[in-house]
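The structure appears right after this line, and notes come after that.
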Amino acid sequence: MVDITPKSDDQKKSEAEVDAFRHDLGPFVVAAEKTRMPMIFTDNKATYSVVFANDAFLALTGYKREEILAKSFQSLLTIGCDQTTVEIVEAALRGEGCAEPELHYKRKDGTEFWASLYVSPVCDDNGTIVQQFLSLIDVTRLRQDNARCRLLIDELNHRVKNTLATVQSIVTQALRSSGEPEAIRDAIESRILALSRSHDLLTISKWEGVGLHDLVDTALHPFEVIAGHTQRFTISGDNFHLSPKVTLSLTIALHELATNAVKYGAFSVDAGLITVSWELVPDVAGDRLVLRWQEHGGPPVTPPTHKGFGSWVIERGLAHELDGIVTLNFLESGVACTIDIPAPVSSET
Numbered sequence: 002m003v004d005i006t007p008k009s010d011d012q013k014k015s016e017a018e019v020d021a022f023r024h025d026l027g028p029f030v031v032a033a034e035k036t037r038m039p040m041i042f043t044d045n046k047a048t049y050s051v052v053f054a055n056d057a058f059l060a061l062t063g064y065k066r067e068e069i070l071a072k073s074f075q076s077l078l079t080i081g082c083d084q085t086t087v088e089i090v091e092a093a094l095r096g097e098g099c100a101e102p103e104l105h106y107k108r109k110d111g112t113e114f115w116a117s118l119y120v121s122p123v124c125d126d127n128g129t130i131v132q133q134f135l136s137l138i139d140v141t142r143l144r145q146d147n148a149r150c151r152l153l154i155d156e157l158n159h160r161v162k163n164t165l166a167t168v169q170s171i172v173t174q175a176l177r178s179s180g181e182p183e184a185i186r187d188a189i190e191s192r193i194l195a196l197s198r199s200h201d202l203l204t205i206s207k208w209e210g211v212g213l214h215d216l217v218d219t220a221l222h223p224f225e226v227i228a229g230h231t232q233r234f235t236i237s238g239d240n241f242h243l244s245p246k247v248t249l250s251l252t253i254a255l256h257e258l259a260t261n262a263v264k265y266g267a268f269s270v271d272a273g274l275i276t277v278s279w280e281l282v283p284d285v286a287g288d289r290l291v292l293r294w295q296e297h298g299g300p301p302v303t304p305p306t307h308k309g310f311g312s313w314v315i316e317r318g319l320a321h322e323l324d325g326i327v328t329l330n331f332l333e334s335g336v337a338c339t340i341d342i343p344a345p346v347s348s349e350t
């Protein structure tokens with residue numbers, strides 16, 4: 002299909018200048034025009050006016066050829082870069098300073114990108130610089146990847162420190178008990194294994210958080226084996242997406258509740274049952290996620306004379322870590338625990 006749209010005077014002039022430039026430098030310009038690397042040529046005057054820009058440069062910056070030919074390269078820089086970057090590029094054009102500066106540039110439409118700029122002089126037969134040849138490599142994705150790597154490393158360091166602090170707390174509290182060494186060892190091992198399972202679940206999700214239903218299933222699965230069959234658990238609620246921090250804290254809390262149920266509560270007898278449910282509750286300060294643990298059919302419950310590490314983890318740990326409110330009641334019919342924390346932002350159901 003033939004384009005019969007009349008050409009503007011600027012477009013005709015730009016095309017004529019490009020044709021003349023292509024004729025003067027011959028195959029070299031043709032090669033530059035066809036390459037996928039963004040390239041431009043400027044004169045060597047103080048303004049460094051653009052005399053040629055290939056299609057790749059136009060595609061990268063969003064300009065039309067007639068919009069940049071004969072304009073100074075500095076004017077394009079001033080539009081797209083901060084003053085510090087402009088000074089670095091001008092020094093490179095003079096052959097001073099960094100020969101390969103990185104540009105933080107704005108396209109014509111205002112979107113941004115990063116590019117490495119390579120400046121090379123074009124000399125005549127006498128060795129006099131007559132033009133500047135500039136090529137760019139888009140490094141936006143590379144910089145984004147590097148920033149993401151730094152963020153991941155920082156986040157990993159933070160998570161490792163938090164996990165080690167949790168392990169330290171588990172060991173310290175276990176050693177403070179008056180139990181036998183074997184019982185202390187078992188308590189430490191079981192709690193660290195619970196942490197490990199939550200880490201496995203988070204690893205599968207690339208540490209972007211997990212669903213609450215998935216978390217409860219994973220945390221309570223070992224106790225289903227102990228209980229003999231899964232029907233002794235009743236679990237209900239939407240699969241709300243939880244952050245890694247909430248995941249780890251709730252895992253330990255559920256582990257403590259289930260361990261207590263095996264030792265003293267509903268799972269210490271054959272007929273005991275446990276119901277775990279949760280819901281969103283509206284609140285003027287923001288919705289809350291309320292999780293309820295209720296045991297049924299176990300032996301009569303009497304309140305403990307002193308609170309052990311399990312109660313400390315559930316009550317103080319969740320309150321401190323998650324800005325939560327925990328109510329732990331030792332009812333005669335069975336232990337009842339309500340965990341009230343700020344609501345997550347989404348549901349996966």
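Numbering (the working numbering), first residue to last: 2 to 350. Note that beta-carbon positions come from the ideal geometry of N, C-alpha and C, so glycine has one too.
1. So what does DSSP say about Thr-350, is it helix, strand or coil?
2. Taking the alpha helix (DSSP H) that Asp-56 belongs to, which residues open and close that run?
3. Among Trp-208, Phe-234, Asp-201 and Phe-241, which has the Cα closest to the Cα of His-214?
4. Distance check for Asp-324 and Trp-208, CA to CA, integer angstroms please.
5. Residue range of the beta strand (DSSP E) that His-105 falls in?
6. Taking 8 Å as the threshold, find out whether the stretch 74 to 89 comes into contact with the stretch 146 to 158 through three or more Cβ pairs.
7. Under a three-way DSSP split, which group does Arg-293 fall into?
8. If Ile-275 sits next to Ala-267, beta carbons under 8 Å apart, how far is it from one beta carbon to the other, in whole angstroms?
9. Just grab the DSSP bridge partners of Ala-116 for me.
10. For Pro-343, which three-state DSSP category applies?
11. Any idea if Val-247 is buried or exposed, counting beta-carbon neighbours within 10 angstroms, 16 or more meaning buried?
12. Following the continuous alpha helix (DSSP H) through Thr-86, name the residue where it begins and the one where it ends.
13. Quick check on Thr-223: does DSSP put it in helix, strand or coil?
14. Comparing C-alpha positions only, which one of Val-291, Ala-259 and Leu-281 sits nearest to Val-336?
15. Taking 8 Å as the cut-off, decide whether the C-beta atoms of Val-120 and Leu-135 are in contact.
16. Does Gly-210 pass the burial test, meaning 16 or more other C-beta atoms within 10 Å, or should it be called exposed?
17. Taking the alpha helix (DSSP H) that Leu-203 falls in, what are its first and last residues?
18. Please tell me whether Phe-224 and Val-263 are closer than 8 Å, where the distance is taken between their beta carbons.
19. May I ask which residues mark the beginning and end of the beta strand (DSSP E) holding Asn-45?
20. Buried or exposed for Ile-342, going by 16 or more other Cβ atoms inside 10 Å?
21. Distance, Cα to Cα, Phe-74 vs Asp-288?
22. In whole angstroms, give me the CA-to-CA distance for His-105 and Asp-56.
23. Can you confirm whether the stretch 326 to 335 touches the stretch 288 to 305 when touching is taken to mean that 3 or more C-beta pairs between the two stretches lie within less than 8 Å?
Per the coordinate set shown:
1. Summary for Thr-350: the model assigns pLDDT 46, below 50, so the residue's position carries little reliability; its value from the coordinates is reported in the next sentence. In this structure, Thr-350 counts as coil in the three-state DSSP scheme.
2. 56 to 62
3. Phe-241
4. 21 Å
5. 103 to 107
6. no
7. strand
8. 5 Å
9. Leu-104 and Asp-139
10. strand
11. buried
12. 84 to 94
13. Residue identity differs from the one stated: residue 223 is Pro in this sequence, not Thr. DSSP places Pro-223 in helix when its eight states are reduced to three.
14. Ala-259
15. yes
16. buried
17. 182 to 205
18. yes
19. Segment: none, Asn-45 is in no beta strand (DSSP E) and carries neither H nor E.
20. buried
21. 54 Å
22. 20 Å
23. yes
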